[in-house]
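The number in the numbering used here is simply the position in the sequence shown, starting from 1, with 1 added. Notes to accompany the following structure.
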Amino acid sequence: MRSFLEQLPKAELHVHLEGTLEPELLFELAQRNNIELPYHTVEDVLAAYDFHDLPSFLAIYYRAMDVLRTEADFYNLAHQYFERAAKQNVIYCEPFFDPQAHTIRGVEFDTVINGISKAQEDARKHLGLDSNLIMCFLRDHSAESAAKHLKIAQPHFDKLIGIGLDSDEKDNPPTKFSDTFYAARDAGLKLTMHCDVNQKDIHGHIRECLDVIQVDRIDHGINILEREDLIEDIKARNLGLTICPLSNEFVVQNLTGDEIRRFLDLGIKATVNSDDPAYFRGYMNENLIALAERAAFSREELVQVTRNAFEISWADEQSKTRYLNRLDDYVAEL
Ligand code: ADE
Ligand code: ZN
Numbered sequence: 002m003r004s005f006l007e008q009l010p011k012a013e014l015h016v017h018l019e020g021t022l023e024p025e026l027l028f029e030l031a032q033r034n035n036i037e038l039p040y041h042t043v044e045d046v047l048a049a050y051d052f053h054d055l056p057s058f059l060a061i062y063y064r065a066m067d068v069l070r071t072e073a074d075f076y077n078l079a080h081q082y083f084e085r086a087a088k089q090n091v092i093y094c095e096p097f098f099d100p101q102a103h104t105i106r107g108v109e110f111d112t113v114i115n116g117i118s119k120a121q122e123d124a125r126k127h128l129g130l131d132s133n134l135i136m137c138f139l140r141d142h143s144a145e146s147a148a149k150h151l152k153i154a155q156p157h158f159d160k161l162i163g164i165g166l167d168s169d170e171k172d173n174p175p176t177k178f179s180d181t182f183y184a185a186r187d188a189g190l191k192l193t194m195h196c197d198v199n200q201k202d203i204h205g206h207i208r209e210c211l212d213v214i215q216v217d218r219i220d221h222g223i224n225i226l227e228r229e230d231l232i233e234d235i236k237a238r239n240l241g242l243t244i245c246p247l248s249n250e251f252v253v254q255n256l257t258g259d260e261i262r263r264f265l266d267l268g269i270k271a272t273v274n275s276d277d278p279a280y281f282r283g284y285m286n287e288n289l290i291a292l293a294e295r296a297a298f299s300r301e302e303l304v305q306v307t308r309n310a311f312e313i314s315w316a317d318e319q320s321k322t323r324y325l326n327r328l329d330d331y332v333a334e335l
């Protein structure tokens with residue numbers, strides 16, 4: 002099963018590039034930029050990862066980002082993720098990035114997007130890994146800041162496939178950002194939003210995503226299962242969900258295997274993703290293997306989540322067909 006999953010051609014639709022900052026790269030960038038860290042060894046860094054919920058994770062995540070300063074830093078960050086993903090046979094991905102977490106520290110938007118975008122080009126050319134970028138807004142920042150950053154990003158819209166919403170969900174509902182999301186849709190961008198697991202007012206947030214924002218996808222969305230009306234709506238709209246088992250295990254102490262299986266049984270397009278793999282200590286393969294080994298997922302179920310990811314992705318139709326053919330060929334060969 003392990004080698005079947007390792008070789009399987011995969012897509013990843015929920016990974017924060019800043020969440021792929023491995024301790025080794027953290028040290029390298031700190032040294033390059035003359036930044037003093039409160040840690041001395043990789044073990045020290047890993048020992049500091051004692052988060053148990055979303056806010057405690059986010060505090061550590063934002064602190065580490067301070068080492069990202071130059072275009073080369075963002076290039077290195079993205080390139081390292083693409084290398085790892087390609088090694089795990091990810092053939093297509095849609096990574097997130099958080100521009101406000103950088104502009105607030107005085108790093109220019111162009112520095113961030115140009116570094117990432119060059120790494121995407123190189124990954125396409127040299128690793129055979131295609132990607133489309135999603136720009137996320139921080140929901141615990143103001144609506145004005147989101148609007149301002151959409152404007153700053155405008156000259157780079159050709160480098161983006163969509164926009165998302167992440168960070169601390171408590172008291173930061175989707176409708177706080179309606180105007181920015183409508184403007185992005187009018188500009189031809191796809192829309193997704195985090196509906197993190199077990200957050201305050203989560204069912205209301207999912208409802209707003211569906212009825213007000215009219216998202217094209219939902220990130221996480223586990224709590225849909227607790228409301229019949231949400232299940233029916235998600236099914237009727239054929240909306241995909243990007244679920245992150247190892248992340249959920251950190252944040253809500255549950256791999257959510259039963260929930261993923263329930264979505265599959267309902268015919269809802271659930272997918273498996275890594276979220277912040279440097280922090281939750283697992284990339285795509287480790288997430289799939291965790292479901293196989295600890296939630297008794299069958300080969301068919303794991304192929305189904307993989308197929309779902311290609312199907313709900315925002316790749317162009319021609320590329321999608323090509324990826325799905327690769328998946329079908331791989332499964333047929335066995
Ligand atoms: N930013 C990075 N990872 C996140 C997550 N799991 N939820 C919300 N915001 C995030
Ligand atoms: Zn996330």
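Where is the CB? At the ideal position from N, CA and C, for every residue including glycine. The model shown is predicted, which means the values in this text are computed figures rather than measured ones.
(message) Looking at the strands, I want to know which residues DSSP matches up with residue 276.
(response) Position 275 of the sequence shown, counted from the first residue, corresponds to residue 276. Its beta-bridge partners are 16.
(request) Examine the Cβ distances between the stretch 35-49 and the stretch 287-297 and report whether three or more of them are shorter than 8 angstroms. (result) Touching, no.
(request) Can you grab the Cα-Cα spacing for the pair residue 231 / residue 195, in whole Å? (result) Residue numbering aside, residue 231 sits at position 230 when the sequence shown is read from its first letter. Residue numbering aside, residue 195 sits at position 194 when the sequence shown is read from its first letter. Answer to the nearest angstrom: the Cα atoms are 16 angstroms apart.
(message) Ignoring anything shorter than 4 residues, give me the alpha helix (DSSP H) runs that lie fully in the stretch 86-129, in order along the chain.
(response) 101-104 and 110-123
(message) Tell me whether residue 17, by its Cβ, gets closer than 7 angstroms to a heavy atom of ligand 2.
(response) Residue mapping note: residue 17 aligns to position 16 of the sequence shown, counting from 1. Yes, ligand 2 has a heavy atom inside 7 angstroms of this Cβ.
(request) Return helix, strand or coil for residue 236, following the three-state DSSP convention. (result) Locating residue 236 in the sequence shown gives position 235, counting from the first residue. Correct three-state label for residue 236: helix.
(message) Measuring only the C-alpha atoms, how far is residue 104 from residue 126?
(response) One-based indexing of the sequence shown puts residue 104 at position 103. One-based indexing of the sequence shown puts residue 126 at position 125. So the two alpha carbons sit approximately 29 angstroms from each other.
(request) Mark residue 336 as exposed unless 16 or more other C-beta atoms lie within 10 angstroms of its C-beta, in which case mark it buried. (result) Because residue 336 is not part of the residues shown, which for the chain are 2 to 335, the question remains open.
(request) Can you say whether residue 188 is buried or exposed, counting buried as having 16 or more other CB atoms within 10 angstroms of its CB? (result) Position 187 of the sequence shown, counted from the first residue, corresponds to residue 188. So residue 188 ends up on the exposed side.
(message) Quick check: what's the CA-CA separation for residue 323 versus residue 330?
(response) The residue labelled residue 323 in the question sits at position 322 within the sequence shown. The residue labelled residue 330 in the question sits at position 329 within the sequence shown. Those two C-alpha atoms are separated by around 11 angstroms.
(message) What does the alpha-carbon distance come out to for the pair residue 40 and residue 3?
(response) One-based indexing of the sequence shown puts residue 40 at position 39. One-based indexing of the sequence shown puts residue 3 at position 2. Distance between the alpha carbons of residue 40 and residue 3 is about 34 angstroms.
(request) Compute every distance between the C-beta of residue 1 and the non-hydrogen atoms of ligand 1, then say whether any falls below 7 angstroms. (result) Within the shown structure, residues of the chain are numbered from 2 to 335, placing residue 1 beyond reach of any answer.
(message) Between the alpha carbons of residue 87 and residue 182, how many angstroms are there, rounded?
(response) As a first step, residue 87 must be located in the sequence shown, where it is residue number 86. As a first step, residue 182 must be located in the sequence shown, where it is residue number 181. Residue 87 and residue 182 have their C-alpha atoms roughly 31 angstroms apart.
(message) Any heavy atom of ligand 1 closer than 7 angstroms to the beta-carbon of residue 6?
(response) Your numbering for residue 6 matches position 5 in the sequence shown. No, Cβ of residue 6 sits at least 7 angstroms from all heavy atoms of ligand 1.
(request) Enumerate, from N- to C-terminal direction, the unbroken beta strand (DSSP E) stretches of 3 or more residues contained entirely within the stretch 184-272. (result) 191-196, 218-221 and 241-244
(message) Tell me which residue opens and which closes the beta strand (DSSP E) that residue 138 is part of.
(response) The count along the sequence shown starts at 1 and reaches residue 138 at position 137. Run containing residue 138: 134-139, per the beta strand (DSSP E) assignment.
(request) Whole angstroms is fine: what's the gap from residue 306's alpha carbon to residue 96's? (result) The count along the sequence shown starts at 1 and reaches residue 306 at position 305. The count along the sequence shown starts at 1 and reaches residue 96 at position 95. Going from the Cα of residue 306 to the Cα of residue 96 covers about 18 angstroms.
(message) Less than 6 angstroms between C-beta atoms, sequence neighbours within five positions excluded: which residues of the same chain meet that for residue 17?
(response) Along the sequence shown, one-based indexing puts residue 17 at 16. 97 and 277, listed in sequence order.
(message) Can you find the residues in the same chain that come closer than 7 angstroms, C-beta to C-beta, to residue 408, ignoring five residues on each side of it along the sequence?
(response) In the structure as shown, the chain begins at 2 and stops at 335. Residue 408 is therefore absent and cannot be evaluated.
(request) Would you mind reading off the limits of the beta strand (DSSP E) that contains residue 330? (result) Within the sequence shown, the letter at position 329 stands for residue 330. That residue, residue 330, is in no beta strand (DSSP E); its alpha helix (DSSP H) goes 318-334.
(message) Which of the three DSSP states is assigned to residue 177 in this structure?
(response) To locate residue 177, count along the sequence shown from 1; it is residue 176. Residue 177: helix per DSSP, three-state reduction.
(message) Can you tell me whether residue 55 sits near ligand 1, meaning its C-beta is under 7 angstroms from at least one heavy atom of the ligand?
(response) Within the sequence shown, the letter at position 54 stands for residue 55. Checking the Cβ of residue 55 against ligand 1 gives yes.
(request) Pull up the DSSP beta-bridge partners for residue 165, would you. (result) Taking the sequence shown and counting its residues from 1, one reaches residue 165 at position 164. Residue 165 pairs with 137.
(message) Does residue 171 come out as helix, strand or coil in the three-state DSSP assignment?
(response) As a working mapping, residue 171 is identified with position 170 in the sequence shown. Coil at residue 171, not helix or strand.
(request) Give a yes or no on contact between the stretch 138-148 and the stretch 20-33, applying the rule of three or more CB pairs nearer than 8 angstroms. (result) The answer is no - the stretch 20-33 does not touch the stretch 138-148, with fewer than three Cβ pairs under 8 angstroms.
(request) Identify whether residue 45 lies in helix, strand or coil by the three-state DSSP scheme. (result) For the purposes of this step, residue 45 is identified with residue 44 of the sequence shown, where counting begins at 1. Residue state, collapsed to three classes: helix.
(message) What would DSSP say about residue 131, mapped onto helix, strand or coil?
(response) Counting from one through the sequence shown, the residue named residue 131 turns up at place 130. In the structure shown, residue 131 sits in a strand (DSSP, three-state: E or B).
(message) Could you check whether the Cβ of residue 220 sits closer than 7 angstroms to any heavy atom belonging to ligand 2?
(response) Position 219 of the sequence shown, counted from the first residue, corresponds to residue 220. Checking every heavy atom of ligand 2 against the Cβ of residue 220, one is found closer than 7 angstroms.
(request) Would you mind reading off the limits of the alpha helix (DSSP H) that contains residue 4? (result) Taking the sequence shown and counting its residues from 1, the one referred to as residue 4 is at position 3. Unbroken alpha helix (DSSP H) run through residue 4: 3-8.
(request) Please go through the same chain and pick out, in chain order, the residues whose beta-carbon is closer than 7 angstroms to the beta-carbon of residue 328, but skip the five residues on each side of it. (result) For the purposes of this step, residue 328 is taken as residue 327 along the sequence shown, with counting starting at 1. Within the same chain, and ignoring the five residues on either side of residue 328 in sequence, the residues whose Cβ sits closer than 7 angstroms to its Cβ are 10, 307, 308 and 311.
(message) Given a cut-off of 8 angstroms on the beta-carbon distance, is the pair residue 204 and residue 233 in contact?
(response) Numbered from its first residue, the sequence shown carries residue 204 at position 203. Numbered from its first residue, the sequence shown carries residue 233 at position 232. Against a cut-off of 8 angstroms, the Cβ pair of residue 233 and residue 204 comes out as no contact.
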